[in-house]
Amino acid sequence: MIPEIGHFALILALALAILQGVLPMIGAHRNNVAMMSTARTAAVGQLVFVIISYACLTWAFLQSDFSVAYVANHSQLALPTMYKVAAVWGGHEGSVLLWILLLVGWTVAVGRYSRSLPDSFVARVISVLGLLSVGFLLFALLTSNPFDRLANPPADGADLNPLLQDPGMAIHPPMLYVGYVGFSVAFAFAIAAMISGKLDREWIRWTRPWTTMAWIFLTCGIALGSWWAYYELGWGGWWFWDPVENASFMPWLIGTALIHSLAVAEKRGLFKSWTLMLAIAAFSLSLLGTFLVRSGIIVSVHAFATDPSRGIFILSFLGIVVLSALLLFAWRAPSLDSDAGFSPNSRETFLLLNNVLLVVATIVVFYGTLAPLLYEVLDIGKISVGAPWFNKVFLLPMLPLVFLIGIGMHTTWRSHKGSLLTTRLLIPAIVSIVLGVLIPGVLYGRFGVMVSVGLIAALWVISTSIIEPLRSWRRAEGAARITPAVLGMSVAHMGVGFFILGVTMVSAFNVETDMAMRAGETVEVADHTFELRELREVQGPNYSAIEGVIDIRKDGDYVAEVRPQKRQYLVQKNWMTEAGIEVHWNKDLFIALGEQLGNDTWSVRIQYKPMIRFIWFGALVMALGGLIAVTDRRYRSTATGAETT
Amino acid sequence: MWKYFLPLVIFGLFFLLLKTGMNDIMEGKNVNELPSPLIDKPAPQFELPSLTDPSKTVGNASFANEIAVVNVWATWCVGCRQEHPFLMKLAKSGSVPIFGLNWRDNQAEAQRFLQQLGNPFVDSAFDADGRVGIDWGVYGAPETFLVGADGTVLYKHLGPLNQALWDEYFVPHIDAAGNTK
Chain R
480 MIPEIGHFAL ILALALAILQ GVLPMIGAHR NNVAMMSTAR TAAVGQLVFV
530 IISYACLTWA FLQSDFSVAY VANHSQLALP TMYKVAAVWG GHEGSVLLWI
580 LLLVGWTVAV GRYSRSLPDS FVARVISVLG LLSVGFLLFA LLTSNPFDRL
630 ANPPADGADL NPLLQDPGMA IHPPMLYVGY VGFSVAFAFA IAAMISGKLD
680 REWIRWTRPW TTMAWIFLTC GIALGSWWAY YELGWGGWWF WDPVENASFM
730 PWLIGTALIH SLAVAEKRGL FKSWTLMLAI AAFSLSLLGT FLVRSGIIVS
780 VHAFATDPSR GIFILSFLGI VVLSALLLFA WRAPSLDSDA GFSPNSRETF
830 LLLNNVLLVV ATIVVFYGTL APLLYEVLDI GKISVGAPWF NKVFLLPMLP
880 LVFLIGIGMH TTWRSHKGSL LTTRLLIPAI VSIVLGVLIP GVLYGRFGVM
930 VSVGLIAALW VISTSIIEPL RSWRRAEGAA RITPAVLGMS VAHMGVGFFI
980 LGVTMVSAFN VETDMAMRAG ETVEVADHTF ELRELREVQG PNYSAIEGVI
1030 DIRKDGDYVA EVRPQKRQYL VQKNWMTEAG IEVHWNKDLF IALGEQLGND
1080 TWSVRIQYKP MIRFIWFGAL VMALGGLIAV TDRRYRSTAT GAETT
Chain V
4 MWKYFLPLVI FGLFFLLLKT GMNDIMEGKN VNELPSPLID KPAPQFELPS
54 LTDPSKTVGN ASFANEIAVV NVWATWCVGC RQEHPFLMKL AKSGSVPIFG
104 LNWRDNQAEA QRFLQQLGNP FVDSAFDADG RVGIDWGVYG APETFLVGAD
154 GTVLYKHLGP LNQALWDEYF VPHIDAAGNT K
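Going down the list, the protein sequences come from chains R and V.
Heads up: the first sequence runs through residues 480 to 1124, numbered per the numbering used here.
Heads up: the second sequence runs through residues 4 to 184, numbered per the numbering used here.
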């Protein structure tokens, strides 16, 4: 009965979504206040029904109601409760429901925090979000109903994919979805602006924190996925250029460009149509990612159970949404552009370069991801584009970008007098070059061109982004303090520096070995000795495992004990690697069990990863920077100012 | 002005690319998955005890000289439960005999499954350790093979079967075999 209630609630939500998509739009067109005011109410009503529906599915999981096909396919009696809750989005149908929940949640938040904007504009934004919601609800109801029943329910379920039974993985998808869904606000904003035919600075300022919030979640989501892949897949890699990783990375790149171009559009009224284009692109790429993952058109380790009818649906949805947005763009964007000038030596120029380079980087990833399909369709052979290609080509736009960050941050709007490189940035430039050349040789005993280039880039970004906060800190009491917007920018850029530092050091000084070991044996890798003390069997709630107990010593001193496991999950029978990782701020020692080679002999993978933590730490710092920027008062002052009038 | 139409044109072309790729998938030209190497090759030889009566054996000999369906199933497999009603219907229609390969399963549970839900199979081979499954290149249950009268594999389907899939992919092979007879 409960699952039917969930199904029914979803249908009611669809009805409200249609109202929310149609009435406010007509109201805004006819300037009919009553019709416009339905927007917020319809969104709240829709949210209530989607929450009911989502709660029903969660209930079915908690009760282990295996008569629901989706539950039977993604849960099991012995599954720990936490993962039963997370299993709701552990498969295709439930994750679509989660997506809808987040979309409607954001819509209600938009309605709540938009009192400063004209009614007709808000009505249009909420209406566009409603139309998007109609698309996703139809998708769920027509092709991916999570409440479908089984005629012959099994006694026990097929279990959640063991790869997903991990805390990091459990929160990774919701994070990503909040990011994707967040970009739909920027998209709805762009559409509403184009329909209105004008683009006030006030409106642009209003979208900035929304876009940044979406970007923060996407950043965290991607970083979590990377961190998870590192310790859970057992290869010790942190990024694989897998199509699905790329699908989340492309909206991130465009979203980053969008954040920067919004700054120009707000401050200087420039790049308006370009900003609208980026807002459309960021959301379209999120939709494209959904299509790639769920249609089976591209091979990936992330493959959902694919079904061509779903692929056709999303493709049609993608086509309708993007084509209508671009038609509107071709019609309305020309009238929105202004042609205020700026000097070549100005912040505008650097932000333009930032945008161009980020878009080029996106095109690189886009081509690499879709080239196999292109070749297939044009019938000119089969190719596969692998990580080495991406690693090389992706650097081309990225290297100039990171060097430009340092200068761009300190350049003033309109026109900058004098050269920064000979004044304020001279010391950071010298320090990063000297340290970048020396550190590899002195600390790691090996010089190299690419290491030094990477290190110089990292140190350059870090040192140039520290200048502003430092100057503010040294200013006298009572003097103007650094604004959260500038501090946030500095911190986010510092995160980029940390990230580059981690990537550079890991790719240059990483040590990887695979060796056969039996209990009692000791090996030496990267100045550490690893003794396999014993191999034993361990029982988990829904798996059994072989566990290796390994003592790590350095120069004879005890460092740590790690316990890598090889788990076999009882229902799905597949083997999972649980790596044993000894974490230090400046290095990881990564130990994973490979294959059983014979009686008591296992292949053991031992890796030394210098500074790998900086990769995820850097991403976190970037997100933190975004968070600081969002708290800037000028985003709120307009809202509170409007409420008092 | 034309530059404002550029995104539209680029996306239009890209959309065509995706559409063509998707059409290929719909036509069964799966762009990713390699077709089973067994297709048009003789079905791998096997002989296993029958699930229901261990004194008998089931093997290629059981369906020699007739077109037959070989369905890989197990009680732990949810997809098998999903397709089970369809297999029952197919068995009742009598158009083609269905043989089961009970794969990596518990014998008692498998027998109970057939007693409770009905037995669509002429007979099921009991492949406890999954060795025959390996020979047949089984990724995961359910999988369904169509084996011709001459013992060659005509078609293989991955995942739960239903009427639409059956009509689209299996029936043409069966009709073609009927015509050449």
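Using N, Cα and C, we set each Cβ at its ideal position, and we do this for glycine too.
Only a predicted model underlies this, so the values are computations on that prediction, with no experimental measurement involved.
| Query | Result |
| --- | --- |
| Runs of beta strand (DSSP E) wholly within the segment 136–170 of chain V (minimum 3 residues, chain order) | 146–150, 156–161 |
| Rounded C-alpha distance that separates Ile622 (chain R) from Ile42 (chain V) | The amino acid at residue 622 (chain R) is misidentified as Ile; the sequence shows Thr. Taking the straight line joining both Cα atoms gives about 31 Å. |
| Contacts around Met480 (chain R), its chain only, beta-carbon distance under 6 Å, and the 5 residues preceding and following it disregarded | none |
| Three-state secondary structure (DSSP) of Trp720 (chain R) | coil |
| Own chain partners of Met1101 (chain R) with C-beta closer than 6 Å, once the 5 adjacent residues on each side are dropped | Thr698, Ala971, Gly974 |
| Per-residue burial, Thr902 (chain R) [other beta carbons within 10 Å of its own, 16 or more giving buried] | exposed |
| Span separating the alpha-carbon of Gly897 (chain R) from that of Arg826 (chain R) | 13 Å |
| Alpha carbon of Ile683 (chain R) to alpha carbon of Leu849 (chain R), nearest angstrom | 33 Å |
| Span of the alpha helix (DSSP H) around Trp952 (chain R) | 928–953 |
| Straight-line gap, Val73 (chain V) to Ala630 (chain R) (C-alpha atoms, nearest Å) | 23 Å |
| C-beta neighbour in chain R for Leu37 (chain V), strict 8 Å | Confidence is the limiting factor: at Leu37 (chain V) the pLDDT is only 47, short of 50, which leaves the residue's position unreliable and the question unanswerable from this model. |
| 8 Å Cβ cutoff, Gln85 (chain V) in contact with chain R | yes |
| Three-state class that DSSP yields for Thr586 (chain R) in the structure shown | helix |
| Residues within the segment 14–25 of chain V neighbouring chain R, beta-carbon criterion of under 7 Å | Phe14, Phe18, Leu20, Leu21, Lys22, Thr23, Gly24, Met25 |
| Chain V within 8 Å of Ala812 (chain R), Cβ atoms only | yes |
| Residue of R:Ile842, R:Leu771, R:Phe808 minimising C-alpha distance to Leu794 (chain R) | R:Leu771 |
| Sequence ranges, alpha helix (DSSP H) only - wholly within the segment 556–601 of chain R, length at least 4 | 560–566, 571–591 |
| Beta carbon of Gly885 (chain R) nearer than 8 Å to that of Val940 (chain R) | yes |
| Reduced DSSP secondary structure (H/G/I, E/B, other) of Ala1058 (chain R) | coil |
| C-beta contact flag for Pro632 (chain R) and Ala551 (chain R) at 8 Å | yes |
| For Met996 (chain R), the three-state DSSP class (helix, strand or coil) | strand |
| Option nearest Glu1130 (chain R) by Cα separation, candidates R:Leu737, R:Ile738, R:Ser705 | Because residue 1130 (chain R) is not part of the residues shown, which for chain R are 480 to 1124, the question remains open. |
| Backbone secondary structure at Thr769 (chain R) - three-state DSSP | helix |
| Rounded separation between Asp645 (chain R) and Leu807 (chain R) - CA only | 44 Å |
| Beta-carbon contacts of Pro688 (chain R) that lie in its chain and below 6 Å, excluding the five residues immediately before and after | Val1109, Tyr1114 |
| Neighbourhood of Leu498 (chain R) by C-beta, 7 Å cutoff - its chain only, sequence neighbours within 5 removed | Thr517, Ala521 |
| Assigned secondary structure, Asp126 (chain V) (DSSP; H/G/I helix, E/B strand, else coil) | strand |
| Element boundaries [alpha helix (DSSP H), containing Tyr923 (chain R)] | 905–923 |
| The segment 848–863 of chain R: positions lying closer than 8 Å to chain V by Cβ | Leu849, Leu852, Leu853, Glu855, Val856 |
| Asn1128 (chain R), DSSP secondary structure in three states | Outside the modelled stretch of chain R, which goes from 480 to 1124, sits residue 1128 (chain R), for which no answer is possible. |
| First through last residue of the alpha helix (DSSP H) which encompasses His1007 (chain R) | From DSSP, His1007 (chain R) is part of no alpha helix (DSSP H) but of the beta strand (DSSP E) over 1007–1018. |
| Endpoints, the alpha helix (DSSP H) within which Leu117 (chain V) is located | 110–120 |
| Identity of the residues DSSP links to Thr622 (chain R) by a beta bridge | For Thr622 (chain R), which the question treats as bridged, DSSP gives no partner whatsoever. |
| Local conformation of Lys1066 (chain R) per DSSP, three classes | strand |
| Sequence-distant residues of the same chain with beta carbon closer than 8 Å to Ala131 (chain V), five excluded per side | Arg107, Asp108, Gln110 |
| Stretch pair the segment 43–61 of chain V + the segment 109–129 of chain V: three plus CB contacts closer than 8 Å | yes |
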